[in-house]
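Student:
In the numbering used here, the protein residues as written are 105 to 223.
1) Are the Cβ atoms of residue 198 and residue 147 separated by less than 9 Å?
2) Given a cut-off of 9 Å, decide if residue 134 and residue 193 are closer than it, judged by their beta-carbon atoms.
3) On the three-state DSSP scale, how would you describe residue 153?
4) What residue range is occupied by the uninterrupted alpha helix (DSSP H) comprising residue 202?
5) Do you know how far the Cα of residue 196 is from the Cα of residue 204?
6) Is it buried or exposed, residue 165, if we count other Cβ atoms within 10 angstroms and call 16 or more buried?
7) Would residue 190 and residue 138 qualify as a contact pair, given that the criterion is a beta-carbon distance under 9 Å?
8) Quick one: Cα of residue 158 to Cα of residue 184, how far?
9) Nearest to residue 151 by CA position, among 200, 174, 202 and 188, is which residue?
10) In terms of alpha-carbon separation, which member of 201, 161 and 144 lies closest to residue 131?
11) DSSP on residue 143, reduced to helix/strand/coil?
Here's what the structure looks like:
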């Protein structure tokens, strides 16, 4: 009997996880990614400020500051990747809604053609 109860609870949890529409889950994921990216950027900036201050008590000040900058940049790049993913999810959602409403799909702008040689 406990196995059946456990199985029933697992199925219930699994079903409730997929009961939300894909649009809601994509929007929630985009919001979550943006929040995590914002937190990561703030953390990187505050860590850099603290590390930079501490670097002035060291012998190799410039090397310490350069390393702190590289660490901050690496964390900001991770945050950018999260923001890019959030943008991609939001764009896909907007395109899905537009397709459902029967709106024409906009095509991306054409690449510029090379200028013709002048005579």
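Heads up, the beta-carbon is just placed ideally off N, CA and C, and yes, glycines get one too. On a predicted model such as this, the values are computed, not experimentally measured, just so you know.
Tutor: Quick answer:
1) No, Cβ-Cβ distance for residue 198 and residue 147 is not below 9 Å.
2) Cβ distance < 9 Å, so residue 193 and residue 134 count as in contact.
3) Correct three-state label for residue 153: helix.
4) Residue 202 -> alpha helix (DSSP H) spans 165-205.
5) Answer to the nearest angstrom: the Cα atoms are 12 Å apart.
6) Exposed.
7) In this structure, residue 190 sits near residue 138, with a CB-CB distance shorter than 9 Å.
8) So the alpha carbons of these two residues sit roughly 27 Å apart.
9) Of 200, 174, 202 and 188, the residue nearest in Cα terms is 174.
10) Of 201, 161 and 144, the smallest CA-CA separation from residue 131 is found for 201.
11) Reduced to three states, the DSSP call for residue 143 is helix.
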